[in-house]
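Numbering (the working numbering), first residue to last: 3 to 422. By construction, the Cβ of each residue, glycine as well, lies at the ideal position given by its N, Cα and C atoms.
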């Protein structure tokens, strides 16, 4: 692991707060007698990410001082040095439950199914500064957006937060796509075996259009041109997302098809680069998922996406136009198109992963492939609205292949038929 990028926070290896296999029975026996603290499905993914080190250097949910420093300065401190951290993480509880908890208590964290997932030794129980949180994370005073809905509606009953030191049971594997969800240690081992000296991660929460796909291709090609023995990871987020996002199981099937059918970059990659190498893009792309909640936080969340990936061992992350973006309820933009790229130049703490900044891409008839819009001033690209894509799929037809690969169209169309 020594040759890979260091984990966040100045560590030599990712944090591990996962209960060893030999201790699981004793752990469960003790947890059965503890006060139970329920966590949502979205927050349960954070529990497991504390356990496996994706949230290194944190060893559990934040206390009030750390939480508020993130809101005020977008940093955490570890061993006397400041590190970038833009969205604080602690677990919400009701006022009634908060009254029964005190610092020093050990509690059991339970998921929506009532099963114990972790224990937490409390180091703080404090009021949740919801409006301050929303203003800091979303960079707006308005509350008509999905991030605010999560806090003010989804967590309406919760008024307090708890912080502490966590111990976590191993996460159960999803039967359909669990093989793609690895711990930071497992990913780092895989990357070391591949022998790459640079790996670019591509974050997504949606099925891929060819224009999205091109951002991954662009990132990989940029590293290879720079002389790197580089790989790329299609690294979809499969944690809790908002209701109108395509669910993780269907999305993972679309990604699998792109990889297995070797479609990634087909027709859109630079043949002058790949031809002499006797390779194509799929030879250097892996599919690995990341199970963590989506905050819909634009620029602030882009930095968190970088932190997660640095802990996994990736050296670069694609940051595109409108990264992690959603609009206000009326469709107005919350952030500028490239705010998520610009924030990386304004960080007050250390972050080792390098953003690969990619502009808007689309299919251009003049060259017969997808390319960056900035290279085609004044030229109209082939485009289709999201509404038209949905209508086409609902009719059982394939989306224009200049926009979306046929395999992706087919899987999404079949899923819509089942749901109808």
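- Below 8 Å between beta carbons: does that hold for residue 55 and residue 122? Working through the chain shown from its first residue, we reach residue 55 at position 53. Working through the chain shown from its first residue, we reach residue 122 at position 120. Not a contact, by the Cβ cut-off of 8 Å.
- Task: Could you please give me the residues that DSSP links to residue 167 through a beta bridge?
- Result: Reading the chain shown from its first residue, position 165 is the one you call residue 167. For residue 167, which the question treats as bridged, DSSP gives the partners 123.
- Ignore the nearest five residues each way along the sequence and tell me which others in residue 244's own chain have a CB closer than 6 Å to its CB. What you label residue 244 is simply residue 242 of the chain shown in a count that begins at 1. Note that residue 244 has pLDDT 47, beneath the 50 cutoff, so the model's placement of it is unreliable and the number below is only indicative. Excluding positions up to five away in sequence, the list reads 148.
- Is residue 29 near residue 124, with beta carbons less than 8 Å apart? Along the chain shown, one-based indexing puts residue 29 at 27. Along the chain shown, one-based indexing puts residue 124 at 122. In this structure, the beta-carbon distance from residue 29 to residue 124 does not fall below 8 Å.
- Query: Between residue 128 and residue 307, what straight-line distance do the alpha-carbon atoms span, to the nearest angstrom?
  - Reply: The residue given as residue 128 occupies position 126 in the chain shown. The residue given as residue 307 occupies position 305 in the chain shown. Cα to Cα, the separation comes out at about 27 Å.
- Inter-residue Cα distance where the pair is residue 5 and residue 97: Numbered from 1 along the chain shown, position 3 holds the residue referred to as residue 5. Numbered from 1 along the chain shown, position 95 holds the residue referred to as residue 97. Those two C-alpha atoms are separated by around 47 Å.
- Inter-residue Cα distance where the pair is residue 262 and residue 109: As a first step, residue 262 must be located in the chain shown, where it is residue number 260. As a first step, residue 109 must be located in the chain shown, where it is residue number 107. Cα to Cα, residue 262 sits roughly 44 Å from residue 109.
- Query: Buried or exposed: which applies to residue 26, given that a residue is buried once 16 or more other Cβ atoms fall within 10 Å of its Cβ?
  - Reply: For the purposes of this step, residue 26 is taken as residue 24 along the chain shown, with counting starting at 1. Exposed, since its Cβ has fewer than 16 Cβ neighbours within 10 Å.
- Message: Do residue 349 and residue 86 count as a contact pair if the criterion is CB distance below 8 Å?
- Response: Here residue 86 corresponds to residue number 84 of the chain shown, with the count starting at 1. Here residue 349 corresponds to residue number 347 of the chain shown, with the count starting at 1. When the beta-carbon positions are compared, residue 86 and residue 349 come within less than 8 Å of each other.
- Message: Between which residues of its own chain and residue 183 is the CB-CB distance below 6 Å, once the five residues before and five after are set aside?
- Response: As a first step, residue 183 must be located in the chain shown, where it is residue number 181. Correct list, in chain order: 291 and 293.
- Query: What is the rounded straight-line gap between the Cα of residue 288 and the Cα of residue 361?
  - Reply: Translated into positions along the chain shown, residue 288 becomes position 286. Translated into positions along the chain shown, residue 361 becomes position 359. If you draw a straight line from the Cα of residue 288 to the Cα of residue 361, it comes to about 23 Å.
- Task: Mind reading off the beta-carbon distance from residue 143 to residue 137? Whole number of angstroms is fine, and I expect it under 8 Å.
- Result: Residue mapping note: residue 143 aligns to position 141 of the chain shown, counting from 1. Residue mapping note: residue 137 aligns to position 135 of the chain shown, counting from 1. Right, the Cβ-Cβ distance comes to about 6 Å (below 8 Å), so this counts as a contact.
- Burial state of residue 174 (16 or more Cβ within 10 Å): Translated into the one-based positions of the chain shown, residue 174 becomes position 172. Here residue 174 is exposed. Its C-beta has fewer than 16 other C-beta atoms within 10 Å.
- Given residue 226, which residues of its chain have a CB within under 7 Å of its CB, disregarding the five upstream and five downstream residues? On the chain shown, position 224 is the one that residue 226 refers to. For residue 226, where only same-chain residues beyond five positions count, the Cβ hits under 7 Å are 232 and 275.
- Query: Would residue 219 pass as a contact of residue 283 if the rule is Cβ separation under 8 Å?
  - Reply: For the purposes of this step, residue 219 is identified with residue 217 of the chain shown, where counting begins at 1. For the purposes of this step, residue 283 is identified with residue 281 of the chain shown, where counting begins at 1. A Cβ-Cβ contact shorter than 8 Å links residue 219 with residue 283.
- Buried or exposed by the 16-neighbour rule on C-beta atoms within 10 Å, applied to residue 368: Counting from 1 along the chain shown, the entry for residue 368 is found at position 366. Exposed: under 16 other Cβ atoms inside 10 Å.
- Task: Report yes if the C-beta distance between residue 300 and residue 327 is below 8 Å; otherwise report no.
- Result: Translated into positions along the chain shown, residue 300 becomes position 298. Translated into positions along the chain shown, residue 327 becomes position 325. With contacts defined as CB atoms closer than 8 Å, residue 300 and residue 327 qualify as a contacting pair.
- Sort out for me which residues DSSP pairs residue 371 with in a bridge. Here residue 371 is taken as the residue at index 369 of the chain shown, counted from 1. In the DSSP output, where bridge partners are listed per residue, residue 371 has 366.
- Message: Quick check on residue 302: buried or exposed, where buried means 16 or more other Cβ atoms within 10 Å of its Cβ?
- Response: On the chain shown, residue 302 is found 300 positions in, with the first residue counted as 1. It is buried - the Cβ of residue 302 has at least 16 other Cβ atoms within 10 Å.
- Give the straight-line distance between the Cα atoms of residue 116 and residue 150, rounded to the nearest whole angstrom. Residue 116 sits at position 114 when you count from the first residue of the chain shown. Residue 150 sits at position 148 when you count from the first residue of the chain shown. Approximately 27 Å, taken between the alpha carbons.
- Item | Rounded C-alpha distance that separates residue 185 from residue 341 | As a first step, residue 185 is located in the chain shown; it is residue number 183 there, counting from the start. As a first step, residue 341 is located in the chain shown; it is residue number 339 there, counting from the start. Across the structure, residue 185 and residue 341 are spaced so that their CA atoms are roughly 30 Å apart.
- Task: Work out the CA separation of residue 214 and residue 230 for me, nearest whole Å.
- Result: Taking the chain shown and counting its residues from 1, the one referred to as residue 230 is at position 228. Taking the chain shown and counting its residues from 1, the one referred to as residue 214 is at position 212. Approximately 23 Å, taken between the alpha carbons.
- Message: Can you tell me whether residue 322 is buried or exposed? The criterion is at least 16 other CB atoms within 10 Å of its CB, across all chains shown.
- Response: One-based indexing of the chain shown puts residue 322 at position 320. Result: buried.
- Message: On a Cα-Cα basis, can you pick out the residue from 320, 45, 10 and 72 that is closest to residue 160?
- Response: Mapped onto the chain shown, residue 160 falls at position 158. Among 320, 45, 10 and 72, the Cα nearest to that of residue 160 belongs to 45.
- With distances taken Cα to Cα, identify the nearest neighbour of residue 228 among 206, 202, 210 and 192. By one-based count along the chain shown, residue 228 stands at place 226. With distances taken between Cα atoms, residue 228 lies closest to 202.
- Do the CB positions of residue 103 and residue 164 come within less than 8 Å of each other? For the purposes of this step, residue 103 is identified with residue 101 of the chain shown, where counting begins at 1. For the purposes of this step, residue 164 is identified with residue 162 of the chain shown, where counting begins at 1. In this structure, residue 164 lies closer than 8 Å to residue 103 by Cβ.
- Query: Could you give the C-beta distance for residue 168 and residue 62, rounded to a whole number, given that I count them as a contact under 8 Å?
  - Reply: Along the chain shown, one-based indexing puts residue 168 at 166. Along the chain shown, one-based indexing puts residue 62 at 60. With a contact defined as Cβ atoms closer than 8 Å, residue 168 and residue 62 qualify at about 4 Å.
- Item | Proximity to residue 409 [Cα-Cα], best of 265, 297 and 99 | Along the chain shown, one-based indexing puts residue 409 at 407. That would be 265, whose Cα lies nearest to the Cα of residue 409.
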